[in-house]
Amino acid sequence: MHHFVYKNDDLYCEDVSVSHVAEQVGTPFYLYSYSTIRTHFGVFENAFNGLDHLTCFSVKSNSNLAILRLLALEGGGADIVSGGELFRAIRAGIRPDKIVYSGVGKTRKDIEIALKSDILMFNVESDQELQTLNDIAKDIGCKATIAMRINPDVESKTHPYIVTGFSENKFGIQIEDSLNTYALAKHLKHIDVKGISCHIGSQLTEIDPFVEALRKLKELLEELKKMGLDIEFLNLGGGLGITYNDEKPPHPLEYAKALKETIGENRFTLILEPGRVIIGNAGILVTRVLYTKSTKNKRFIIVDAGMNDLIRPALYNSFHAVQPVKMTHSEMFAADLVGPVCETGDFLARDRKMPPFEPGDLVAIMSAGAYSFSMASNYNSRPRPAEVMVKEKLFSIIRSREVYEDLISGEAIPEFLG
Ligand code: LLP
5 MHHFVYKNDD
15 LYCEDVSVSH
25 VAEQVGTPFY
35 LYSYSTIRTH
45 FGVFENAFNG
55 LDHLTCFSVK
65 SNSNLAILRL
75 LALEGGGADI
85 VSGGELFRAI
95 RAGIRPDKIV
105 YSGVGKTRKD
115 IEIALKSDIL
125 MFNVESDQEL
135 QTLNDIAKDI
145 GCKATIAMRI
155 NPDVESKTHP
165 YIVTGFSENK
175 FGIQIEDSLN
185 TYALAKHLKH
195 IDVKGISCHI
205 GSQLTEIDPF
215 VEALRKLKEL
225 LEELKKMGLD
235 IEFLNLGGGL
245 GITYNDEKPP
255 HPLEYAKALK
265 ETIGENRFTL
275 ILEPGRVIIG
285 NAGILVTRVL
295 YTKSTKNKRF
305 IIVDAGMNDL
315 IRPALYNSFH
325 AVQPVKMTHS
335 EMFAADLVGP
345 VCETGDFLAR
355 DRKMPPFEPG
365 DLVAIMSAGA
375 YSFSMASNYN
385 SRPRPAEVMV
395 KEKLFSIIRS
405 REVYEDLISG
415 EAIPEFLG
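First residue of the sequence shown: 5, per this note's numbering; consecutive thereafter.
Spelled out as C-alpha cells, the structure:
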C-alpha cells in the first residue's frame with residue numbers, strides 16, 4: 005500500500021502534486037511519503053504482536069535523519085553497520101538500547117564509540133573481531149554485549165550480489181564453527197554473550213529460507229544452552245522483498261505467522277532488521293527529460309538523473325517502474341531511459357515501454373525509497389539530489405540539493421602546487 009496515485013491525470017504524493025514539488029525544488033529529487041513509511045512500519049511491527057520482538061530498521065537502506073526520526077517516533081530501533089550510521093541513528097533520536105551493530109569490518113574507533121554509546125549489542129562476525137571487542141571493552145572498563153552472526157548456509161533466491169547467508173559469502177561465522185567461537189566468547193571477561201543473529205539476503209520473495217534459517221538458529225540455541233550460555237535474543241536480520249515489477253513477496257503478516265509458528269513456545273526476543281520492506285515503496289525519484297534521440301534501432305530518453313543518483317539498475321540490472329508525472333494516454337514506445345553520466349551502464353530503464361516523453365516532461369522512477377539515495381554518489385561531479393518528505397498537504401525538504409561547493413568540501417591544494 006502506498007500513497008503515490010494519480011488525481012485527474014497528475015501524479016500525487018499524498019495530497020501534494022509531484023509537479024508542484026518539482027517547480028519548487030527543481031529536479032532531480034527523491035520524494036517520500038510520510039504516511040506510507042508510517043503505515044509500512046506499523047503493518048510490519050503489528051504483524052509481530054503477541055511475540056516478544058524488536059524491529060530495528062536497517063539504516064543502510066535509507067539513512068536520512070527525518071526518516072530515522074519518523075521511525076524513532078514509531079518506536080523503531082536501528083540496525084547499523086558503521087560509526088556513521090550510529091551517529092545518524094543517535095542524532096535522529098533512536099534509543100541506543102534499540103541499536104544493533106553488524107558488519108564484517110568494524111574499526112576500533114567505531115567499536116569504541118558504539119561501546120561508549122551503550123548500544124544493545126554487536127553482531128560479531130569473526131573470532132578476531134571478538135578478541136578486538138574484548139580488548140576495547142577492557143580498556144574502557146565495560147562489557148560488550150554480543151550476538152554471534154551466524155552464516156546458516158541456506159540458499160536464498162535473489163540477486164547474487166545481495167545473497168549473504170550462503171557458505172561462500174564473507175558474512176558471519178560458519179554455523180559449524182560457531183560453537184568454538186561461542187566457547188571462546190564465554191571465557192572472555194569483557195564479553196557478554198546474549199544472542200545469535202543472521203541475515204540471509206535481501207529482496208527475498210519466499211518464506212521458506214527464513215523459516216529454515218530460524219530453525220537452524222533455534223537448534224544452535226539448544227546447543228548453546230547445554231554449554232551454559234543464556235541466549236536472550238535471536239536476530240533473523242532483514243530481507244523481506246517488495247514488488248518492483250511483478251514479484252509477489254509474502255505479506256508481513258504471512259511472514260510473521262510463519263516465524264511465530266517456527267518459534268513455538270520458545271522464550272527469547274526476536275530481533276528483525278527490515279529495510280526495503282519499510283522504505284522501498286515509500287519513495288520515488290523524480291527527474292526531468294532533457295533530450296530525446298533515436299538511433300537506427302533505439303530510442304533514448306535522456307533525463308537529468310543518472311546512475312550516480314540511483315545506481316541499482318546499473319549495478320544489479322534492477323527493475324524500477326517508470327511513470328509519467330502527467331498521464332498522457334498516448335501510445336507507448338520502447339525506449340531506454342538514460343542519464344547524463346559518461347558510462348554505457350548509466351541507464352534507469354532499458355527497452356521499456358513508456359509514453360512518448362518530450363523534453364521538459366517529468367518522469368517518476370518508482371520504488372526508489374530503499375538503497376537509492378543511500379547509494380548515491382558524486383560521480384561525474386554531480387551534486388546529489390534533494391530529498392523531500394510529504395505529509396498530507398505539507399512538503400518539506402529533508403535534504404537540500406548539494407551545491408558545487410559541497411563537491412570540493414574537504415579538498416585542498418597543497419602549498420607545493422602553488
Ligand atoms: N540486516 C543486515 C545485516 C543487512 O546486511 C541488511 C541488508 C539488512 C538487515 C536489510 O535488508 P533488507 O530488509 O533491506 O532486505 N543494495 C542492495 C541491497 C543490499 C542489502 C544489504 N544488506 C539493493 O539495492 O538491492
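Backbone N, C-alpha and C fix where the C-beta goes; we use that ideal spot for every residue, glycine too.
Being a predicted model, the structure only gives us computed values, none of them experimental.
Review point. Excluding five sequence neighbours on each side, which residues of the same chain lie with their C-beta closer than 8 Å to the C-beta of residue 174?
Key: 108
**Study point:** Counted within 10 angstroms of its Cβ, other Cβ atoms place residue 419 as buried (16 or more) or exposed
**Key:** exposed
Check your understanding: So the alpha helix (DSSP H) residue 91 belongs to, where does it begin and stop?
Key -> 87–95
Exercise for review: From the DSSP output, in three-state form, read off residue 71 for me.
Suggested key: helix
Exercise for review: Consider the C-beta atom of residue 36 and the heavy atoms of the ligand LLP; say whether any pair is separated by less than 8 Å.
Suggested key: no
**Study point:** Distance CB(residue 329)-CB(residue 22) smaller than 9 Å
**Key:** yes
Review point. So does residue 64 have its beta carbon nearer than 8 Å to some heavy atom of the ligand LLP?
Key: yes
Review point. Does the distance from the CB of residue 274 to the CB of residue 307 come in under 9 Å?
Key: no
Check your understanding: Based on the DSSP secondary-structure assignment, which residues constitute the bridge partners of residue 149?
Key -> 196
Exercise for review: Check each candidate in 223, 84, 334 and 412 and name the one with the smallest Cα separation from residue 242.
Suggested key: 84
Check your understanding: So, is residue 56 buried or exposed, given that buried needs 16 or more other C-beta atoms within 10 angstroms?
Key -> exposed
Review point. What does residue 292 pair with, by DSSP beta-bridge criteria?
Key: 366
**Study point:** Residue of 371, 408 and 132 minimising C-alpha distance to residue 384
**Key:** 408
Point to revise | Status (buried if at least 16 other CB within 10 Å, exposed otherwise) for residue 400 | key: Under the 10 Å beta carbon count, residue 400 is surrounded by fewer than 16 other beta carbons and is classified as exposed.
Review point. Per the contact definition of three or more C-beta pairs closer than 8 Å, is the segment 143–159 in contact with the segment 196–215?
Key: yes
Check your understanding: If we count the other Cβ atoms within 10 Å of its Cβ and call it buried at 16 or more, is residue 3 buried or exposed?
Key -> Absent from the model: residue 3. The displayed extent of the chain is 5 to 422, so no value can be given.
**Study point:** Separation of residue 363 from residue 30, as counted between CA atoms
**Key:** 15 Å
**Study point:** residue 310 (DSSP reduced to helix, strand or coil)
**Key:** Coil, per DSSP.
Check your understanding: Does DSSP classify residue 136 as helix, strand or coil?
Key -> helix
**Study point:** For residue 93 and residue 178, the rounded distance between their alpha carbons
**Key:** 30 Å
Check your understanding: How far does the alpha helix (DSSP H) with residue 282 in it reach, from first residue to last?
Key -> 280–283
Practice item. Mark residue 288 as exposed unless 16 or more other C-beta atoms lie within 10 angstroms of its C-beta, in which case mark it buried. Key: Classification of residue 288: buried, given that the 10 Å Cβ count is 16 or more.
Exercise for review: Determine which residues share a DSSP beta bridge with residue 20 and list them.
Suggested key: 17
Practice item. Taking only runs that begin and end inside the segment 323–371, name each unbroken beta strand (DSSP E) of 3 or more residues, in chain order. Key: 326–328, 337–342, 351–358 and 366–369
Exercise for review: Look up residue 36 in the DSSP assignment and give the residues it is bridged to.
Suggested key: 287 and 393, per the DSSP bridge assignment.
Review point. Residue 207: buried (16+ other C-beta within 10 angstroms of its C-beta) or exposed?
Key: buried
Exercise for review: Taking residue 1 as the reference, give the member of 414, 365 and 351 with the closest Cα.
Suggested key: There is simply no residue 1 to check, as the chain begins at 5 and stops at 422 in what is shown.
Exercise for review: Return yes when the Cβ of residue 214 is within less than 9 Å of the Cβ of residue 240, no when it is not.
Suggested key: Their beta carbons are under 9 Å apart, which means residue 240 touches residue 214 by this criterion.
Practice item. Check whether the segment 60–79 touches the segment 271–286, counting contact only when three or more Cβ pairs, one atom from each stretch, lie closer than 8 Å. Key: yes
Review point. Where does the unbroken beta strand (DSSP E) through residue 203 begin, and where does it stop?
Key: If you look at residue 203, you'll find it isn't in any beta strand (DSSP E); DSSP assigns it neither H nor E.
Point to revise | Anticipated Cβ contact below 8 Å, residue 290 with residue 312, distance rounded | key: Taking C-beta atoms under 8 Å as the contact rule, residue 290 and residue 312 fail to qualify, at a distance of about 16 Å.
Exercise for review: Could you round the C-beta distance between residue 247 and residue 253 to whole angstroms and report it? I think they count as a contact, below 8 Å.
Suggested key: 7 Å
Check your understanding: Do you know how far the Cα of residue 357 is from the Cα of residue 293?
Key -> 16 Å
**Study point:** Residues that DSSP places opposite residue 297 in a beta bridge
**Key:** The secondary-structure analysis by DSSP pairs residue 297 across a beta bridge with 304.
Practice item. Go ahead and pull the three-state DSSP assignment for residue 275. Key: strand
Review point. Buried or exposed: where does residue 203 fall if 16 or more other Cβ atoms within 10 Å of its Cβ makes it buried?
Key: buried
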